[in-house]
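Residue numbers (the working numbering), protein chains in the order written: chain A, 3 to 252; chain B, 92 to 397.
The C-beta atom is built at its ideal place from N, Cα and C for all residues, glycine as well.
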């Protein structure tokens, strides 16, 4: 069984994001970039299935500028087998609908039994690509997975839902999107980082797939959120109780 | 303009507060038809929300558990003439709406915090560190809204309730079981008071301190991602970028340092109280009242004195 894992290059989660002064977007110049943390969890999940003998090959795909190849290399260093870079001519973000349409083409070529995606990218926070891909392929979806098991042509997935957890089954081929508690991604060892440099990576462009990449959402402004000022320090529990009573909160 | 609203249903009961908040957002766009996946009583409850003009109820087991394949089919079956499809930005809504949008060849707009006009919306990106204004070019707009950003619509409506059927059940997925955490406390996203614990609480056992304070105040219990990852609290209590977004009248953060992704889930609370022994903790930068203290002493004392 082949597993496809889409990975996205995003601003590192530790970096403080700055809005450009002219409101045209986020300042990405000279900022540390990393693999989207949810995608790392997806890569880890796929590699574990390969180590367990359930999967035979783990293929990564990234859509973005040329530097997205670094993100693919990071996943290859974790243990994935090969990568596909799809260069997109875009200034700014690529919408999940476009990503999903490109991934449909990749799925048609690669015929994986499972596509594992992060539930959301920490840049646009959309939480949409996996569900959209499932819709366009006509496949079943199991989103926000915190546990998964593959057996008898099905995935048994425990999902994080609003009031707790839900267990469901989805027939393969299927889409699974990963939540934080599915696993803890491994660190790539130095020998594996070196080995990853020799793993195959094919390079394509969005034009190769004939997908219309024009956005459906026109971004007309990007602003800083309303700020919040620090208030006062109270010296004791009594001081706090007094303030809360003054405000009529308790 | 006509809006199809996917109502929030939990354990067969209408989540009234959440649905009423989505209804407020929906009513800014046009006439609202609510689709309720659950028993007829849940549909009748939705019909009492003043902002809702019509209710469609589907009692089919196949949609009761929120499986996206079936719920999105049901939405599409009832979307004729609709200009907008809307839901809460809950896990239930986020599971279904992008699927519906893709089937309509539309881009979904998630986590909307403000409706500017029928095609213009504001939504946070980068864990709330920036807010984007987007104009949708799609024929049908599919959006999820953050309930914390909208007031609940009042009751007193008399919308007609019509039963609808699911045209086909998907064989792709099957529900096995739900493990929902039952508690007598108010629901986290609609509670007036939320008491949250973080890594500083130290253990699942000591999390009882947080629950005791919440119970004394009649509030809900929340947790930071660190506390959930450490197993002190269940996942459905997580407040933050990837958890729940809350905006209560009073938010008490105990032993929470204030990571960006946590602040993304609670910084719109009216009053924020922080109790932390580290006076440099970033949570104090957003707190209205900060108390630098050992939580194991301060929290029991606070619980007693309130």
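Practice task
State the DSSP-derived secondary structure class of residue 248 of chain A, mapped to helix, strand or coil.
Solution key: helix
Practice task
Determine, using beta carbons only, whether residue 211 of chain A and residue 138 of chain A come nearer to each other than 7 Å.
Solution key: no
Exercise for the section: Can you say whether residue 192 of chain A is buried or exposed, counting buried as having 16 or more other CB atoms within 10 angstroms of its CB? Expected result: exposed
Problem - Unbroken beta strand (DSSP E) run spanning residue 71 of chain A, endpoints - result: Segment 70-80 is the alpha helix (DSSP H) holding residue 71 of chain A; no beta strand (DSSP E) there.
Exercise for the section: Would you tell me roughly how many angstroms separate the C-alpha atoms of residue 244 of chain A and residue 342 of chain B, rounded to the nearest one? Expected result: 16 Å
Exercise for the section: Name the residue from A:95, A:233, A:7, A:251 whose alpha carbon lies nearest to the alpha carbon of residue 80 of chain A. Expected result: A:7
Handout entry: Min CB distance residue 29 of chain A to chain B below 7 Å
Key = no
Practice task
Check whether the stretch 121-128 of chain B touches the stretch 142-154 of chain B, taking contact to mean three or more Cβ pairs, one atom from each stretch, closer than 8 Å.
Solution key: yes
Handout entry: residue 133 of chain A beta carbon less than 7 Å from that of residue 189 of chain B
Key = yes
Exercise for the section: Could you name the residues of chain A that residue 227 of chain B contacts, counting a contact when the two beta carbons are closer than 9 Å? Expected result: 218, 219, 220
Problem - Cut-off 6 Å between Cβ atoms - residues of its own chain near residue 29 of chain A, not counting five sequence neighbours on either side - result: 20, 22
Practice task
Using three-state DSSP, classify residue 346 of chain B as helix, strand or coil.
Solution key: coil
Practice task
With a threshold of 16 other CB atoms inside 10 Å of the CB of residue 247 of chain B, please say whether the residue is buried or exposed.
Solution key: exposed
Exercise for the section: Return yes when the Cβ of residue 331 of chain B is within less than 7 Å of the Cβ of residue 356 of chain B, no when it is not. Expected result: yes
Handout entry: Residue closest to residue 282 of chain B, alpha-carbon to alpha-carbon, out of B:182, B:108, B:241, B:103
Key = B:108
Handout entry: N-terminal and C-terminal residue of the beta strand (DSSP E) that residue 166 of chain A is part of
Key = 166-173
Exercise for the section: Look at residue 262 of chain B and residue 286 of chain B and say whether their C-beta atoms are less than 7 Å apart. Expected result: no
Exercise for the section: Please classify residue 103 of chain A: does DSSP put it in a helix, a strand, or coil? Expected result: helix
Practice task
Name the two residues that bound the continuous alpha helix (DSSP H) containing residue 301 of chain B.
Solution key: 299-308
Exercise for the section: For residue 380 of chain B, write down the residues that DSSP places opposite it in a beta bridge. Expected result: A:234, B:364
Problem - Outcome for residue 128 of chain A when other beta-carbon atoms lying within 10 angstroms are tallied against a minimum of 16 - result: buried
Practice task
With a floor of 3 residues, list each beta strand (DSSP E) that falls wholly inside the stretch 109-158 of chain B, ordered by position along the chain.
Solution key: 122-128, 145-149
Practice task
Would you check if the stretch 216-228 of chain B and the stretch 236-253 of chain B touch, i.e. whether three or more CB-CB distances between them fall below 8 Å?
Solution key: no
Exercise for the section: Check whether the stretch 213-232 of chain A touches the stretch 93-100 of chain A, counting contact only when three or more Cβ pairs, one atom from each stretch, lie closer than 8 Å. Expected result: yes
Practice task
Tell me, please, whether the CB atom of residue 114 of chain A is closer than 7 Å to any CB atom in chain C?
Solution key: Going by chain labels, chain C is absent from the structure shown, which instead holds the protein chains A and B.
Problem - Spatially closest choice to residue 186 of chain A from A:206, A:170, A:42, by CA coordinates - result: A:42
Handout entry: Under the three-state DSSP convention, the category residue 327 of chain B falls into
Key = helix
Practice task
Give me the Cα-Cα distance between residue 73 of chain A and residue 12 of chain A, rounded to the nearest whole angstrom.
Solution key: 9 Å
Problem - Buried versus exposed call for residue 172 of chain B [16 or more other C-beta atoms within 10 Å across all chains shown] - result: exposed
Problem - Selection of the stretch 111-138 of chain A by Cβ proximity to chain B, strictly under 9 Å - result: 121, 122, 124, 125, 126, 127, 128, 129, 130, 131, 132, 133, 134, 135, 136, 137, 138
Practice task
Could you tell me whether the Cβ of residue 221 of chain B comes closer than 7 Å to any Cβ of chain A?
Solution key: yes
Handout entry: Nearest neighbour of residue 31 of chain A, chosen from A:44, A:38, A:17, A:39 [CA to CA]
Key = A:17
Exercise for the section: Would you list the residues sitting across from residue 266 of chain B in a DSSP beta bridge? Expected result: A:170
Practice task
Along the alpha helix (DSSP H) that carries residue 8 of chain A, what are the first and last residues, could you check?
Solution key: Looking at the DSSP string, residue 8 of chain A is not in any alpha helix (DSSP H); the run it does join, the beta strand (DSSP E), is 4-8.
Problem - 6 Å CB neighbourhood of residue 158 of chain A in its chain, flanking five on each side removed - result: 151, 171
Practice task
Grab me the residues of residue 397 of chain B's own chain with a C-beta within less than 6 Å of its C-beta, minus the 5 sequence neighbours each way, in chain order.
Solution key: 307
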